[in-house]
Every structure is written in C-alpha cells, then in structure tokens.
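> From first to last, the protein sequence lines are chains A, B, C, D and E. Reminder that position 328 of the first sequence reads as 327 in numbering that gives the first Met the number 0, one-by-one numbering, no gaps. Reminder that position 247 of the second sequence reads as 246 in numbering that gives the first Met the number 0, one-by-one numbering, no gaps. Reminder that position 11 of the third sequence reads as 10 in numbering that gives the first Met the number 0, one-by-one numbering, no gaps. Reminder that position 336 of the fourth sequence reads as 335 in numbering that gives the first Met the number 0, one-by-one numbering, no gaps. Reminder that position 213 of the fifth sequence reads as 212 in numbering that gives the first Met the number 0, one-by-one numbering, no gaps. Handing you this structure, nothing more for now.
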Amino acid sequence: MLDIFIFMAAYFRVGLTCCSTRSLLCCNSFTNFPVMNLDKLRPDKYLKYLNPTNLFATKRTKEILSANPTIIPHREEATDVTVSVYDYDSNSLEERKMSGINDCFAYKNSGRTSWINIDGLRKKDVESVCAHFDIHPLIVEDILSLNQRPKLDEADNNIFCLLNMLYYNETTNAVEQEQISIILAKDVVISFQEDAHRDVFNSLRERLKSPASKVRQRGADYLCYNLLDMIVDHYFIVMEKLGNRIEEVEEEVSRGNNPRVLTHITQLRKELIVLKRNFSPVRELVNGFLRSESGLLEERHQKYFKDVYDHIIQAAELSENYRDIIVSMQDLHINNVNLRMNEVMKVMAIVTCLLAPATVIGGIFGMNFVAIPWLHSPYGFLGAVIAMLVIPIWMLSVFKKRGWF
Amino acid sequence: MLDIFIFMAAYFRVGLTCCSTRSLLCCNSFTNFPVMNLDKLRPDKYLKYLNPTNLFATKRTKEILSANPTIIPHREEATDVTVSVYDYDSNSLEERKMSGINDCFAYKNSGRTSWINIDGLRKKDVESVCAHFDIHPLIVEDILSLNQRPKLDEADNNIFCLLNMLYYNETTNAVEQEQISIILAKDVVISFQEDAHRDVFNSLRERLKSPASKVRQRGADYLCYNLLDMIVDHYFIVMEKLGNRIEEVEEEVSRGNNPRVLTHITQLRKELIVLKRNFSPVRELVNGFLRSESGLLEERHQKYFKDVYDHIIQAAELSENYRDIIVSMQDLHINNVNLRMNEVMKVMAIVTCLLAPATVIGGIFGMNFVAIPWLHSPYGFLGAVIAMLVIPIWMLSVFKKRGWF
Amino acid sequence: MLDIFIFMAAYFRVGLTCCSTRSLLCCNSFTNFPVMNLDKLRPDKYLKYLNPTNLFATKRTKEILSANPTIIPHREEATDVTVSVYDYDSNSLEERKMSGINDCFAYKNSGRTSWINIDGLRKKDVESVCAHFDIHPLIVEDILSLNQRPKLDEADNNIFCLLNMLYYNETTNAVEQEQISIILAKDVVISFQEDAHRDVFNSLRERLKSPASKVRQRGADYLCYNLLDMIVDHYFIVMEKLGNRIEEVEEEVSRGNNPRVLTHITQLRKELIVLKRNFSPVRELVNGFLRSESGLLEERHQKYFKDVYDHIIQAAELSENYRDIIVSMQDLHINNVNLRMNEVMKVMAIVTCLLAPATVIGGIFGMNFVAIPWLHSPYGFLGAVIAMLVIPIWMLSVFKKRGWF
Amino acid sequence: MLDIFIFMAAYFRVGLTCCSTRSLLCCNSFTNFPVMNLDKLRPDKYLKYLNPTNLFATKRTKEILSANPTIIPHREEATDVTVSVYDYDSNSLEERKMSGINDCFAYKNSGRTSWINIDGLRKKDVESVCAHFDIHPLIVEDILSLNQRPKLDEADNNIFCLLNMLYYNETTNAVEQEQISIILAKDVVISFQEDAHRDVFNSLRERLKSPASKVRQRGADYLCYNLLDMIVDHYFIVMEKLGNRIEEVEEEVSRGNNPRVLTHITQLRKELIVLKRNFSPVRELVNGFLRSESGLLEERHQKYFKDVYDHIIQAAELSENYRDIIVSMQDLHINNVNLRMNEVMKVMAIVTCLLAPATVIGGIFGMNFVAIPWLHSPYGFLGAVIAMLVIPIWMLSVFKKRGWF
Amino acid sequence: MLDIFIFMAAYFRVGLTCCSTRSLLCCNSFTNFPVMNLDKLRPDKYLKYLNPTNLFATKRTKEILSANPTIIPHREEATDVTVSVYDYDSNSLEERKMSGINDCFAYKNSGRTSWINIDGLRKKDVESVCAHFDIHPLIVEDILSLNQRPKLDEADNNIFCLLNMLYYNETTNAVEQEQISIILAKDVVISFQEDAHRDVFNSLRERLKSPASKVRQRGADYLCYNLLDMIVDHYFIVMEKLGNRIEEVEEEVSRGNNPRVLTHITQLRKELIVLKRNFSPVRELVNGFLRSESGLLEERHQKYFKDVYDHIIQAAELSENYRDIIVSMQDLHINNVNLRMNEVMKVMAIVTCLLAPATVIGGIFGMNFVAIPWLHSPYGFLGAVIAMLVIPIWMLSVFKKRGWF
C-alpha cells in the first residue's frame, strides 16, 4: 500500500511545491523516485497472489507421471554395488558383506536360510544372480525397469515381488519412492534395492542377531513376510508425516494470509497420487501371497500375510480420507479468499456510494446561477455541510437495517 | 458500521472545528481516538468473515488422520485396570470385580458361560491373558494397537474381532471412538476396552441379572452377538445426535447470518469421515460372522448376526444420505452468501450510477464560461435541480422495466 | 425500487423546502416517514434473495435423516386397530372386518387362502399374532421398528418382508412413506400397516371379489406377489408426481424470477434421497424372492416376481435420471442468476464510466484560474457540452466495436 | 447500446433545447419516445442472457422422465394396424400385407421361416396373436406398456425381447424412441412396432428378396439377430447425428457470442440420458441371448450375437465419451463468459479510476478560497490540465508494469 | 492499454488545441485516427481472453467422437497395398516384399512360421486373404471397419485381435491412432495395417534377422505376443510425450500469462479420452489371451502375455493419474485467473475510494455560498489540500490495519 501512499504524496507535492518550477521536469523526477521504490516493494505486495512461477513444481509432476516399464532403459548403472548376506538358522548366524556379486552364489543351497540383499542395480550383476538362481529372464527385466507397477509373479521354484519403499522428504514435502525387488526361493530370499544408502530393514537386522527372535526360528517365507511387513509399516510413517503436512497447510488455510496455500494444496494432491499408485497394487500383491498355493509358503504363516493385508487396506482407506480432507480444505480456502475479497469490495463500494451525495450537493451549490436560494444566507453553508453529513448517516442506517454490514 | 460513521464525524470535525488550530496536530489527535475505538469494534464487524483461525480445529483433523497399526506403540499404559467377570448359566450368575488380572484365569473352563470384561489396556496384562487363553501373539498386537481398522480374525479355537464404540461429544460436536476387542472362545467371551469409564453394555448387564432373559439361556456366541448388537445400535444414537447437529447447521444456513457456517459444515464432513471409516469394515466384520463355519457359533444364532448385519448396512446407507444432505447444504450456503453479496453490490452500483448524472449537471452549470444560458434566468437553478431529480427517476424506471431490481 | 425513489425525493425535499427550517429536525421527520414505508416494502424487494428462513424445511431433513431400527421404541401405540380378513379359494370368498385381533387366529389353517390385513400397530397385538403364527421374535421387533430399511427374511415356515409404501403429498411436495410388513406363511398372508386410512390395495380387493380373477385361482404366494406388485407400481405414480414437480421447478428456473428456486431444487434433492433409500433395498428384497427356494413359492410364479424385479430396477434407474436432471437444472439456475447479476453490474459500470469524462470537463472549466481559454468565447459553453456529449458517444462506439454489449 | 446513446442524447436535449419550455412536460415526452424504442430493442440486447423462457424445453424433460410400465394404460389404441408377413426358405419367399390380424395365424407352422411384422398396437390384436402363438400374458402386458425398460424374457417355447429403436429428430435435436417387441418362437419371428411409418429394417427387406442372401439360408434366430443388429447399428447413426450437434454447440462455445449455449448444452445432457437409459439394458439383453441355452438359438449364430454385443458396448462407452466432452465444453463456456465479463469490468474500473485524479484537480482549483496559488498565473490552467493528463499516464504506466492489462 | 492512453491524449488535445477550430470536424479526425490504431492493437490486448475461435479444435472433437463399426463403409480403399512376408524357423529366414496379395497364399502351410504383414486395406484383398486362410466373414467386416473398439475373437483355427497403434503428433499435440488387425493361425500371423508409412515393429524386424533371437526359436504365438508387446510398449512412449505436454501446459499455468491455457487443458482432456478408449478394451483383449485355452497358444508363453497385461494395467492407471493432474491444474488455473482479476479490481476500487473524499472537499469549498468559513483565510486553501491528503492517508492506514492489502 505504501506505493499508493507515495503516489498520493507525490501527487500533492506537484500541486504544492514543484509547481513553482512551472515545468514538466518535476514530473520526471517524481516518476523516477517512487518507481524505483515500487520495484523493490512489488513482490511482497499486490503481486503476491499473482506470480507463483517458482513455487509450482512442474518437475515434480514429471516425476509422478513418468513410467516406462520395459522399453527404453533409462536406468543408470549403479557405480558401486553392495552385497550383504545373512545366512542363519536357529542356532547360528553368519553375516557377511561381499566384495563381488559372485561370492553370494555359494548360498544357493547352504542348508540354512539365506537373505542376500543387493544394494545398487547393475544389469550384468542382476543377470548373473538370476541365472544362478534359475530366475526367469522376464523377471530380470522387471528388476531393472524403472517406475514399474508393484507386482507379484509366481513361478514353480520361486515367488517374485516388486514394490516401492516410500520415504517422506521433509525438505521438499514430497513422497519419494525406491523400488525394491524380492525373490523368495527355496531357503533363500534375494532382495534388490536401487539405493545403497537407505532402507527400512534395520530393525530386522537387529532381530536377526538375536537367536531367540522368531525370525531366526522360521524359514525363508517368514523372512519374506518380515520384509513386506516392514515396507508396509513404513507407509504409515510416511502417511503420518504427510498428515502433519496436511495439518500445517490446514493451519495456513485457517490463518488465511498465505497466498501459496492453493499451490500447497495442489502439491498435497500430487503426493496423494503417489500413495494411491502404490497402495492399490501392493494390496493385490499381498493378496497374491494369501491365495498362493506355492510350496514355498508355510500354512502357518498365512496369518502373518493376512496381517500385512489388513494394514495395506487400512493405508488405502486412510489415503482416501486424506483426499477427502484435502478437497474440503480447498473448498474452504477458496471460499475464505472470496469472502475476504468480497468484504473489501463491499466496504469500498459502500464508502464510494456514501460520498456520492456529498459530491452532488457540492455540485448543486457550486453552480453559477445567479438565483440560487440560500446562497446569501449565513446558514447556507452550514446547512449544506450538515446535509452532506446527514444523508450518508441516514443511508448508513438504512444499509445497517437491511443487514448489509 | 459505527467506525465509518465515526470516520464521517471526524472528517467533518476537521472541516468545522479543528481547522481553526491551523496545524497538523489535530490530525494526530483524531487518528488516535477513533483507531482505538476501531480496535475494539473490529472483531465483531467486517472481519467476522475473515478470521476463522481459532474456530478451525486442525487438531481434530490430526486425530482423524492418525493411524498407526503396529509400528510405534504410542499407547500409554492404563494406570488402573478393572476386570469384571460374569459367569453364568441359566440357573445361576456370579458377578465379580477382580483385583488382579490373574484371578480371571480360573474362568477358562468354568463349565458355565463367562464374560470377562477388561477395562484399561496394559501390555503385560493383555499378553498374560492371551497366553492363558491360547490367543495368537498377532492378536495381542492388534489389541494393543491404536486406531486399528475394525477386523475379524478367526482361528481354530477362537474368533477375535476388533471394532470401535462411537460416542458423540456434544461439547465439541465430535464423534469419539473407543477401541474394543472381543474374543469369543469356548464358553468364554473376553472383551478389552480402552476406557474404564464408559461403555454401552449397561442394559446387557441388567439383562444378565434376570434368569429369564434369553442371554442367560444361551451360550457364549449369543453373548458375543449381544455385545456387537449393542455397539452397532449405539451407532444409531450417535448418528441421531449428528443428525441433530446437521439440523442446527442447516438452520444456521437458512438464517444466513452466521459467518462460521462453512466451518461448521467442514467440521460435519470430517465427522462423517469417522463414521464411514467405521461402518464399512464393521459390515465386513459382521459378514465374517455370518459366513463363518466355526464350531463356536450355533446355527440358530445366525439369524441374530444377520440382524446386526442389516443394521450396519442401514447405518452405512444413512451416512451416505447425511453426506448428500451436507453437500447440498454447502451448495445452498455458498449461493446464499453470493446472492447476498451481489445484492449489496448491485444496490451500491445503482445508487452510485443514479447520482452520476446529477454530478454532471452540477459540473455543467458550475463551469465559469461567461456565456452559459439560463444562468441568469430565475428558474435556471430550479430547472437544473429538477433535471437532477428527473433523470435518475427516469433511469430508475428504465432499470425497473428491465427487471434489474 | 420505490424506496430509493423515495430516498431521492426526500433528498431533494431537504434541499428545496425543509432547508428553510434551518434545523436538523427535518431530518428526523423524513427518516421516520420513509423508513416506515421501507419496512413494509422490504420483504418483497431487495431482501427477497436473502431471507429464506421459513422456506427451508429443516424439519424435513430431520425426518429424512431419522432411523432407529431397534433401540428406542419411539413408536406410539396405535389408538385403534382394524383387522380385515379375506379368506378365499376359487369358489368362495369370505370378507370380514374383525373387532379384536384374536378373531383372526382361526384362519391359521382354514383350508383356503387367507389374507389378514392389520391396520395400526400395537405391540401386544403384533406379539400375539406372531406367536400364534410361529413368527420369530426378531421379526416382531422389525415390524414394530421405525424407519427400518426394507428387508427380506426367510425362515423355514414363512417369508417375512418389510418395505415402505410411498405417497406423494402434493401440499408439501414431500414423499411420505408408510411401513408395511408382509408375512407369507402356508396359505396365509399377513400384512401389517401403520396407517389405517390409506393403502394401495383397493384394486386388489376388487379383483378378489371376482371369482374369475387370477388371484382367486392361485395360492398365497401369488397374493403376496400382488401386494408387492401394487406397492412397486405405486412408486411410479409417486415418481410421476415428483416428475411433475421437477417440471414446475424447471419452469421456475427458465422464467428466472423466483428467488426460491434454489430452495426448491434442494428440496427435490432431499425427496430423491427418500426414493433412493427405498428402491435399492426393495430390489434386493424382490431378488430374494427370485432366489428363494422356499416351498412356499410356486415355480410358475417366479415369472411374476421377475416382473416386479424389472419394475423396481426401472424405478431405480429412473430416479438416477431424475437426479441428473435436477443437477443440471441447478447448474443452469446458478448460471442464469450470475449472468443476470453480471449484466446489471456491467451496465452500471458502463454508465458510470461514460459519465466520468463529462465530470472531468465540468471540473476543468469550473476551475477559478483567471486565464482559462475560451471562457469568454460565446461558443465555449456549447463546445464543452458538445465535448461532454461526443466523448461518451465515441467511447460507446469503441466499447460496441469490442463486443462489450 | 443504442438506447443508452438515446438516453445520452435525450439527456442533453433537456439541457440544450427543451429547457426553454421550463416545464416538466418535456420529461414526459422524452420518456415516452425512447421507451417505445427500448421495448423494441430490448430482447435483442441486454436481456438476451436473461430470458430463456421459451428456449428451455421443459416438455422434453417430462418426456424423458416419464415411465409407466404397467399401471395406467395411457397408450392410445392404434387407429390402423398393418401386418406384413415374410414367409421364406432358401428357395422361395412369400411377401404379404394382411388386411386383418387373424390372417397371420396360418404362419404358425408353415414349415418355412416366417417374419410377422405388426405395425400399430391394439390391445385386442396383441392379445389374440399372443394367445395363438402361446405367449405368456405378462408379455402381452409388456408389449402394450409405455416407456418400458429394454428387457429379455426367455420361456420354454419362445424368447421375448423389448427394446427401443432410436431416431434423431434434426428439427428438435431430440432423440426419439419407438418401442419394438420381438418374439422369437419356433420358425417364427413376430415383431410389434408402435409406429407404422418408420422403422430401420428396409435393408433387411431388400436382402430377404435375394435368394443368395445369408438370411434366406438360415433360420428364425438368424433373422432375429438381424433385427437386433439393425436396431443397434442405427444407434450409431443417431450418435453420429448427436455428435454433429455437439460439434455445432462446441462451435457456438468457441465463437462465444451465443447466449443460448448453456441451454443447448443442458439439452444435450438430456439427450444423453435417453441414450444411457437404452444402452445399458440393451447390453444386458444381448448378453441374455449369448448366455441363453434355448433350443431356439443355433450354436453357430452365437458369434453374430457376440458381434451385436461388441457394438452395444462400444455405443455405451462412446456415450460416456460424449458426456465427458459435453462437461468440459460447459466448463469452458462458463469460463469464457466469466473472462469476458471480468475483462469488461476491469477496463471500466480502470477508466473510472484514471479519470478520478482529474476530477480531484478540477475540484482543488475550483474551490473559492481567495488565496489559491497560481490562480492568477497565466500558466496555471495549463499546468493543471497537464497534471490531469500526466497523472493518469503515470498511473497507466504503473498498472502496465504490474501486468494489469 | 495504449489506446486508452491515446484516447486520453486525444481527449485533451480537443481541450487544448483543436478547440480553436470551434467546429465538430476535429472530432471526426481524431475518431478516425486512433480507431485505426485500435484495430491493429486489439487482438494482442484486451480481447486476448475473449476470442479463442480459431484455437478450439472442434474438428478434433469430431474425430474423437466418431465411431461407425459396421454400417456405412466410409473407409476409402487404399491406393497401394504393400505385402511383406517373413517366413522363418530357427535356421533360416526368408524376407519378401510382394507385388500382389495372392503371392502370400503360398505361406499357408510353409512348414515354417510366417508373418504376413499387409499395409493398406482394400476390401477385395482382405476378403481374398481371409477366404484363403479360413477366416470368418464377420472378421473381414471388423478388419475393414473404422474406429472399431479393440476386440479379441477366438475361433477354432485362429485367434483374431483388433487394436490401435497410437502415435503422438507433436505438431497438433494430438494422439493419433492407426487400426491394426492381427490374425494368429497355425504357424501364421497375418497383420493388417491401415497406413503403409509407419508402424512400431522395426525393432522386431531387426530381431527376426538374428538367428539367435528368441523370436526365431519360437512359434507363431510368440511372434503374436511380440506384436502386442510392441504396440502396448509404444503406448508408454505416447504417454511420455503427452506427459511432456502436460508439463508444458502446467508451466503455462504457473507463468499465468497465457490466455489459451484453458483451451490447452481442454485439449489435453480430449486426448486422455482417446487413451482411455483404447486402454480398457486392450486390457480385456490381453486378458482374453491369458484365459484362452486355444491350442494355438503354448503354455510356456502365458508368462509373456501376463507381462503385457501388467503393462496395459499400468498404462490405464497412469492415464487416471494424468486425469487427476489435469483436473487439479485446471482448478489452479481458474483460481489464479480469479485472484489476478480480483486483485486488480480491489486496487482500482481502493484508489477510486481514496480519491472520493478529496472530491467532496473540493465540492464543499467550491460552493458559491457567500458565507463560507476560511474562504478568506490565507491558510484555507492549504488546510483543504492537507485535508485532501491526510484523509486518504488515514483511510489507507485503517485499510492496512484490517489487512485489506
């Protein structure tokens, strides 16, 4: 608002001081001065609603929309690949970090249960591992694909599942995903991760170290259940953080003074799309484990997969609720903005309207007719000013009575 | 509106009285005075639509969005646990309040039907009870979880179900939920409640005391049906109270003068989310009892579970109707607000427009040309004023004819 | 509009006549006079859009939202109960009005087909009838319930169905419902109605009197089909009347001058909720008859129930069409209101804008500079007035060329 | 716009010429004159958006909403009934137009395939035909019903189907429907049409005349397939014409100057309801032929019914696409209207705002203070006028810089 | 904006210079001059929002809406038809371009696997090929149809499928489709394409040339899988390009200065309709291969069809995500436009409102009463001007305090 103030000031400065120069140069001087000021002031003021260019993450949209299951292998080869093996039974545990991919081949028939976790994907490595463990070439393709839809694939001697681990990036407020492929074969679980630096399995690693833990007592399918369970449970952590973000944005809506709210809401809707794209196929995936009659799955572990299934359904329903909340937040926000704007316009219109009669009265007695009544009366001016005052007051009282305030 | 009035008053005071001081100090004095007044008046006036900060329960959103089935046990241990046992057959009833959790172990094979109700959840207690009654460890986890989705779990020797009792808090207008877990085993029903202070089973307790009551004649599954039935029937009481709230908000909409209506509607939509999240899984749950072939359920009680099933379907459909009503309420409200605003703007625009010709006429005869006709005529002023009067009247009649009022 | 006219009149009366009193009292007099006028005029004018308080049937919402299947028996006992019995075979018909409920017990095994119709529900009566005819106590509860969802219940020796007869109240434009319970047992049909004064079975009663009619030739299940058929057929009569109401409201929309249209549309949407709540469960109900393998239903009557099924599906689809029509009606209405308002605002803005240059010209030549050109020219005034005239005309032609009219 | 021009003209005529009469009579004269003009001009101008009364076909709504399967036989008896019979085998064809309905009874067991086509429905005729060909009385009722939902009914010795032929009326842009009932019995196909004057079977009649055509080689079920196929194929012609209409309306939207666009869009949505009401049940109907195990249908003709099935599914999906297109057309239209209106309002507001400073400057130097600076300066007037010119230019440049144009 | 500037300039030129001519001719001169200017300036300025006539591709709508499965064979005969044959087994490959259609008949029982690809459809050719390979006449009709829905048809000796290859036209931003029909018979795959100039099979042709490639080792069904796989994989390329287009439009939305954004969004929604129309039936089609028990399909290739099935599901889900993104983009755009417009209107209203008190003060002291206080005071003018300055500043500070900026 300052700039209009400055404009007012400058406008009268013309009338009061500069006019003595009787030249147009004064105009140049004052247009220079405040305009420079305006340039500095602008972004924080009127235009705050108008220029969300940099705020709006079109790059994020591209990420969300990209999907390219088989055709063009954009995937960059991982620079370093880490292989870690947990080979255990209820009595003993061997934990190894491997230098090369080939060293894990020995665990094919170790007589114990083995978990081979491969961080970082390199085409050659994946192919050699899969060849060694008799995995179908189509699955190799799936492991190496990008933005693949979560899926389950059951073969005679193994079960393959591919899904995404989700992380919540608190800096960008985005839900990030990392593809993980899990192969359950006889006494072996092989997991492939894209990123060597993070996963959600640390508590499982701890439990494996304890001989008393259930996972040590049971076979490879229970291990596989554990991996799925930890991935799905981590979805709830992601949702909780997203829930916190929703709460923040809702507070922005209720404070009502942040012009970026709508952009934030749009962003939240995009993140929900990421969740939705994962939850529904993961539900099918876990259901696939439940319906499977593979010999690799013990009957008594059915219950555990049922438990994961219940959780993923709950996650899916919860994300629907998130959606509802966000939509009604958006409705509320748009209405608040409109009400605020309307209120301002209404007051402006009323003030302008109230001052109009005074202008008319001023015009009447400013006419140059020779015979205007009361012009010569000593109370004429007072009467006119009182009329100028009384008419708006009366109009106000009428407006008030009609509930226009 | 008063403050604009004050502004008008102050504005003329400048012209009439303060001007004699011929200094700018008078301006300071009146800007101080009314602004203080304004500060006091503001919240009740123009800004009433603009600042719903405190009204908007973002905390409520957080509650609704939270869900955390297994991972982090936020759950606080209950400080005191109450165990009450009803051990009965058609002839006799033993009702006991227990001091410790272990005392209820005796009722495992009492030869009569036992209802063990445990108010307040403590991890150790739940685990020891479940161990004693051969309940699977995953179920212990479910019982201790927070914001779990209603679910049914059938094992060889027991049926476990978890659902929420709903209460309507008339102070906050929120639907509150309390998780209840029910285990039906051979001749025993064990129920776990979070909150020791309220439940919905009092009328059942009364009926248990009467030897003639049907529940005394029948076994544990009929008791279990009774618990479910009372929980589901209480949903209708909650919905009735929510229905009353909808009616209140609808009256606010129709009175049309409450700026918080939209916030209230948004709040109602949130509460409906709570209902929806409960009804649909409870329907599945009851259907699970219907489809169950467990030996724990007598064939002849099928009919009763079918009855509960009908009720929960009715509740679900009714909540859909609530949703429809609320949505069309919101439409109506937004339209009423817009109509009201438009009406005010229209009248202001028309009044401003009607006074404009008078200003022009005033301007014409206020010009300082030496040769203006009628200036010297004694009827000139009268003619001009009449023109100022007649033109707006004519404009009005045109507007009127076009239906603009 | 009259009051603004009055305001204009009063406003100039101040300038012309009252000013001679030179006091503020005149203001009081004219604020009193027109304000009284305003009070009388107001409701028919500006505020017509603003105050739909009394129009908006919140009571209707409450009725639609209420549902209370078992818990609290709000139901008032009927003051008088009418029992009518039609006992017939193809040869003979006995029609009786009973004084007491017990008299109908004789028809349990009359050897002929009996239709016992009980108008008015009294707890004791229903219980005694049901006990006599071996009806399950849960069904007694259903019969006595209020706002129950239509349902079918099949037992060994009888089939119970509960549904609503719908009536269209042309005064309130509301769809009213009356609960009817029908029990089909061996050779007996018992029907319970809430209201003694109206039902939809009169044409059936006529047909029963004719020995040649099909219903006389056939058994109790055919009678039961007839009852269902007449109830469902009456739905179409209700829908036709609702369709007429939609047509009326649509005409209001197209005439575009009724501020209550939106309220009427909202009301129609509520009535559709009533239809929807009945049609979908009745479809299930009739489907239950189709799928039933009860010995009470003859194979050859399957076709008839299929026919009712087709009708109820058609009714359900039709009500969806009604919904679509109403929604697009609402869209059209809101748009018409906005267009009308915008058009008025546009004309006002244009007129105000057109008069602004004249004000400026008046201002220029009204300045008191000593050296203003043309002031002393005899054509100066004429030129200024012509400029005041020509500039708006030119602006108009520009606006016109741009298609702003 | 002309009338505002006239108003401007008249307004100045008062000031310039009529004022010499010094009476109010002149006002009467000019209010009479232009108002008459206005009356003639009005409908083509401002009010063009406001009064779509006659455009809006509420009658069409009534037609679409009507449905009356059995109850009240509104159906008028056909005044004349035409019966045409095609009795053929691969060798010979007999084509006859009958005078009376009874003459077709001979074709019940003609040893050849017979197609009896009855144009015009008379209750007595339908009943006697159906009695002769052993059709169930409920089917007679269906044939005579109005606005029946398409349905299939399979009996031991015949298959009955009822559907609508659709026609596109290019005058009213409405989709019209004519009910057709087809009965397939052993070696006989009987078709009942409402309207004697049009059907879609002419190309079939041509093909029947050619002994080489497939329909002559095959039996009654193939004939029945041909009837269905031609009806469904004609749906695509109707849709194509409706598609042309959508294209026309879309062009109106893009030209943006037709106030009836919204009415046209609403009308299109109504016609889509007619399509939707037909397509979905016809799909079920054809599916019924596919699933039927009736001896009347040859196995090898299954493929043909599958083909019809594919077409009706495509029609249903296409009508969904139509709906999507129409909805986004409506969005676009409403936005265009709003943008256009906002643009006009914005320009008006800017022009009014730009002229306001000039008014203020005129006011300042029009004050009657004795000591106003520069009043006596010869450049005073020039300076003021330059200020009046420079300030709006500067404001413009500021507005421009902020992107408000 | 320039033209209003010109209007301002011209307006004062009248006052300053032309008036000396004292005639109305000057008006003609200046109306001519700027109007010519306006004509040139207009399209780039105010009307930019208003006239999207040429932008809006109604022709595209027509293309999308057209569908005409059997009835009228619009299809033009191809002018030239290219037949290419790949006849191969694991040892040898014969690749031939044929001059005439009959030359390919020799490959019916070549003992090797043959792929006959026919580019360009001519009725006679298709019929003769189909007759030779025992294809059902209905399939001939399907191959020749236009805008057919993707479908699968399984006969005893062959499997027929029809689907569309999609291409993204980067010039028109439209998704183009080319119908392809594939017939899988014993050891032969016949494919019919509409357009001789493009297809998506080039990489397959390369692979066929390599004896080591899997496709050379396997039979006709594997070849058929390859064709389907490449078509479906190409859908992702189309979607990626459409995704890029969405990103572009989203950037337009965020830059906020392109009036055609809404048209672009509408266009995107139309292209999504094309995708949706293809994906859902192709999913059914591939599922048909999965469920087929035809002897033409080897069991071990099931996995490959499952892979295609997964891809088409992913494509379908992705297109749903596209839809969501586009819808929220549209919401954001409309809101940005409204906010921008409201902001401008608000500033205009505030400026107009702030200048109103100055006009009133000017009017007060411009009245011609003899007795106006301070008129003769030397500080009167200064005081009035200061009041004109101070009141708007004070109003500004009040507006500011209320958060109206």
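For glycine and all other residues, C-beta sits at the position ideal for the given N, C-alpha and C.
For residue 213 (chain C), does the count of other Cβ atoms within 10 angstroms reach 16, so buried, or fall short, so exposed?
So residue 213 (chain C) ends up on the exposed side.
> Show which residues of chain B have a CB atom less than 7 angstroms away from the CB atom of residue 351 (chain A).
Within chain B, 351 have C-beta atoms less than 7 angstroms from the C-beta of residue 351 (chain A), given in sequence order.
> Go ahead and pull the three-state DSSP assignment for residue 366 (chain E).
coil
> Under 9 angstroms between beta-carbons, which chain D residues line up against residue 367 (chain E)? List them in chain order, please.
367
> Whole angstroms are fine: how far does the CA of residue 263 (chain D) sit from the CA of residue 348 (chain D)?
33 angstroms
> For residue 45 (chain B), decide whether its Cβ has a neighbour in chain A, counting only Cβ atoms nearer than 8 angstroms.
With a pLDDT of 36 at residue 45 (chain B), under the threshold of 50, the modelled position of that residue is not reliable, and the figure given next carries that caveat. It does: the Cβ of residue 45 (chain B) has a partner Cβ on chain A nearer than 8 angstroms.
> At the level of alpha carbons, what is the spacing between residue 46 (chain D) and residue 368 (chain A)?
Here residue 46 (chain D) scores only 35 on pLDDT, less than 50, and its place in the model should not be relied on; the value that follows carries that caveat. Cα-Cα distance, rounded: 41 angstroms.
> Are the Cβ atoms of residue 285 (chain A) and residue 227 (chain A) separated by less than 8 angstroms?
Yes, Cβ-Cβ distance for residue 285 (chain A) and residue 227 (chain A) is below 8 angstroms.
> For residue 394 (chain B), collect the residues of the same chain with a Cβ closer than 7 angstroms to its Cβ; drop the 5 residues on either side in sequence, then sort them by chain order.
Once the five neighbours on either side are set aside, the close Cβ partners of residue 394 (chain B) are 353.
> Mind checking which residues open and close the alpha helix (DSSP H) that includes residue 281 (chain C)?
260-290
> Would residue 328 (chain C) and residue 237 (chain C) qualify as a contact pair, given that the criterion is a beta-carbon distance under 8 angstroms?
no
> What does the alpha-carbon distance come out to for the pair residue 135 (chain D) and residue 207 (chain C)?
22 angstroms
> Would you give the residue range spanned by the alpha helix (DSSP H) that residue 393 (chain E) belongs to?
Here the alpha helix (DSSP H) through residue 393 (chain E) covers 379-400.
> I need the DSSP call for residue 405 (chain E), collapsed to helix, strand or coil.
For residue 405 (chain E) there is no data in the structure shown, the boundaries of chain E being 0 and 404.
> Residue 182 (chain E) to residue 124 (chain E), Cα distance in whole Å?
15 angstroms
> Sort D:103, D:321, D:190, D:308 by Cα distance to residue 143 (chain D) and report the nearest one.
D:190
> Show which residues of chain D have a CB atom less than 9 angstroms away from the CB atom of residue 135 (chain E).
302
> Would you check if the distance between the CB atom of residue 357 (chain E) and the CB atom of residue 362 (chain D) is smaller than 8 angstroms?
yes
> Going by the DSSP bridge assignment, what does residue 168 (chain A) pair with across the sheet?
A:173
> Compute the Euclidean distance between the alpha carbons of residue 55 (chain A) and residue 255 (chain E), then round it to the nearest angstrom.
Note that residue 55 (chain A) scores 41 on pLDDT, short of 50, meaning its location in the model is unreliable and no value can be drawn from it.
> For the structure I just gave you, are there three or more beta carbon pairs, one from the stretch 77-94 of chain A and one from the stretch 147-164 of chain A, closer than 8 angstroms?
Judged by Cβ distances under 8 angstroms, the stretch 77-94 of chain A makes no contact with the stretch 147-164 of chain A, as fewer than three pairs qualify.
> So, helix, strand or coil for residue 78 (chain B), using DSSP?
Coil.
> Using a Cβ-Cβ cut-off of 8 angstroms, state whether residue 99 (chain A) counts as contacting chain F.
Of the chains in the structure shown, none is chain F; the protein chains are A, B, C, D and E.
> Given that a residue counts as buried once 16 or more other Cβ atoms are within 10 Å of its Cβ, and exposed if not, what is residue 289 (chain A)?
exposed
> Could you check if residue 202 (chain A) is buried or exposed, using at least 16 other CB atoms within 10 Å of its CB as the buried criterion?
exposed
> Keeping to the same chain, check which residues put their C-beta closer than 6 angstroms to that of residue 139 (chain A); ignore five residues upstream and five downstream.
125, 126, 129
> Name the residue from C:330, C:156, C:168, C:179 whose alpha carbon lies nearest to the alpha carbon of residue 150 (chain C).
Closest option to residue 150 (chain C), Cα to Cα, is C:179.
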